[in-house]
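Data block below; observations after.
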Amino acid sequence: ETGVTQTPRHLVMGMTNKKSLKCEQHLGHNAMYWYKQSAKKPLELMFVYNFKEQTENNSVPSRFSPECPNSSHLFLHLHTLQPEDSALYLCASSQERGGANLKTYEQYFGPGTRLTVT
Amino acid sequence: AQTVTQSQPEMSVQEAETVTLSCTYDTSENNYYLFWYKQPPSRQMILVIRQEAYKQQNATENRFSVNFQKAAKSFSLKISDSQLGDTAMYFCAFMKHGRGGGGADGLTFGKGTHLIIQP
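Here the protein sequences line up with chains C and A, keeping their order. Each residue of the first sequence is one higher than the one before, starting from 1 at the first, in this note's numbering. Each residue of the second sequence is one higher than the one before, starting from 1 at the first, in this note's numbering.
Here it is, written out as structure tokens:
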């Protein structure tokens, strides 16, 4: 148990459906992330939120839409997905600090949502 | 952009043996962090060990230690006295230091090494 939860754990959706993935962290962190883990590629960073503001969008197609209403919750809204979007979607959180203090910022991961697009 | 390379797709050792997983990376950054994560069959990603690039001393966590060679851009993981529970995918990951004034940065992962500990 890492303090990061994700729901649902499994999701099957058709290409015309709209669904959302939810992530919640109970660690008091201020940064949250979405990663995609597919069978034939390394883990890919999708989005970064720092203090609720999106600071990075790693060239993700617009059919994936993130939302971060507060520092504890992160959503990934899905619509008109393709079969190649089937993957394990991992959420992570970390505590970020400013300045030149080179502290470690390890990320804590949730258990993931296994998404299958039919 | 950063790249992380893990050249061993799969390794298998006997229980109690020592095993070393290799990782090399490419970056133009001077300040960064390196991590090893473990992903067992449950798919839960677990941090194993971390290294700050500015530290010359190699990190150690119980049976896990790293050999960090900054000039060679190499970051290998050594597991001593391997146990059955060490069976998992192991990912090497890179993160550059946050932007000036703070800011989060994502991890760049290698493709992973599937480590199997045989009884």
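Just so you know, even glycine gets a beta-carbon here, dropped at the ideal spot from N, CA and C. Small disclaimer: the values here were computed from a predicted structure and weren't measured.
Beta-carbon separation (whole angstroms), K78 of chain A vs D26 of chain A, contact threshold 8 Å: Beta-carbon to beta-carbon, K78 of chain A and D26 of chain A are separated by about 22 Å, too far to satisfy the 8 Å threshold.
Using 8 Å as the limit for Cβ to Cβ distance, is L43 of chain C near chain A? It does; some Cβ of chain A falls within 8 Å.
Inter-residue CB distance, A92 of chain C and F109 of chain C (contact presumed, cutoff 8 Å): About 5 Å separates the two Cβ atoms, so the contact holds.
Compare the C-beta of F64 of chain A against all C-beta atoms of chain C and say whether one is closer than 8 Å. With 8 Å as the cut-off, F64 of chain A does not count as an interface residue toward chain C.
When the distance is taken between beta carbons, is N50 of chain C closer than 8 Å to E96 of chain C? A contact, by the Cβ cut-off of 8 Å.
Among the residues of its own chain, which have a CB less than 6 Å from the CB of T3 of chain A, if the five just before and after it don't count? For T3 of chain A, same chain residues with a beta-carbon under 6 Å away, outside a window of 5 residues either side, are D26 in chain order.
If you reduce the DSSP assignment to three classes, tell me which class E84 of chain C lands in. Assigned with DSSP and collapsed to three states, E84 of chain C falls in helix.
Excluding the 5 residues preceding and the 5 following V117 of chain C in the sequence, name in chain order all residues of the same chain whose CB lies nearer than 7 Å to its CB. Correct list, in chain order: M13, M15, L81, Q82, P83, D85 and S86.
Start and end residues, beta strand (DSSP E) containing L47 of chain A: DSSP places L47 of chain A inside the beta strand (DSSP E), whose first and last residues are I46 to E52.
Say the cut is 7 Å; is the CB of H77 of chain C nearer than that to a heavy atom of the ligand HEM? By its list of ligands, the structure shown contains no ligand whatsoever, and the ligand HEM lies outside what it can speak to.
Measuring alpha carbon to alpha carbon, tell me which of A:A93, A:T18, A:Q14 and A:S42 ends up nearest R9 of chain C. Checking every option, the nearest Cα to that of R9 of chain C belongs to A:S42.
Any beta-carbon of chain C closer than 8 Å to the one on M11 of chain A? Closer than 8 Å: no.
Please identify the residue among C:W34, C:K18, C:E1 and C:G3 whose C-alpha is closest to the C-alpha of R63 of chain C. When each option's Cα is compared against that of R63 of chain C, the closest is C:K18.
Here's the rule: buried if 16 or more other CB atoms are within 10 angstroms of the residue's CB, otherwise exposed. What is N31 of chain A? N31 of chain A should be labelled exposed.
For D81 of chain A, which of helix, strand or coil comes out of DSSP? Coil at D81 of chain A, not helix or strand.
How many Å lie between V60 of chain C and S72 of chain C at the Cα? Near 22 Å, if we compare the C-alpha coordinates of S72 of chain C and V60 of chain C.
Determine contact between the region 107-118 of chain A and the region 9-24 of chain A, defined as no fewer than three beta-carbon pairs at a distance below 8 Å. Verdict: yes, contact present.
Closer than 7 Å by beta-carbon distance: list the chain E residues that pair up with V60 of chain C, in chain order. In the structure shown, chain E cannot be found, because the protein chains are C and A.
Could you tell me the distance, in whole angstroms, from the CA atom of A39 of chain C to the CA atom of I46 of chain A? Between A39 of chain C and I46 of chain A, the C-alpha separation is close to 19 Å.
What residues in the region 72-96 of chain A have a beta carbon less than 9 Å from any beta carbon of chain C? Only F91, A93 and M95 from the region 72-96 of chain A bring a Cβ to less than 9 Å from some Cβ of chain C.
Hey, how far is the Cα of L43 of chain C from the Cα of K111 of chain A? For L43 of chain C and K111 of chain A, the distance between alpha carbons rounds to 7 Å.
Give me the residue from A:G106, A:M95 and A:H114 with the minimum Cα distance to S28 of chain A. Cα-wise, what sits closest to S28 of chain A is A:M95.
Three-state secondary structure (DSSP) of D26 of chain A: Strand.
Output, in chain order, the set of chain A residues within a Cβ distance shorter than 9 Å of G112 of chain C. Identification of chain A residues near G112 of chain C by a Cβ-Cβ cut-off of 9 Å yields R43, Q44 and M45, ordered along the chain.
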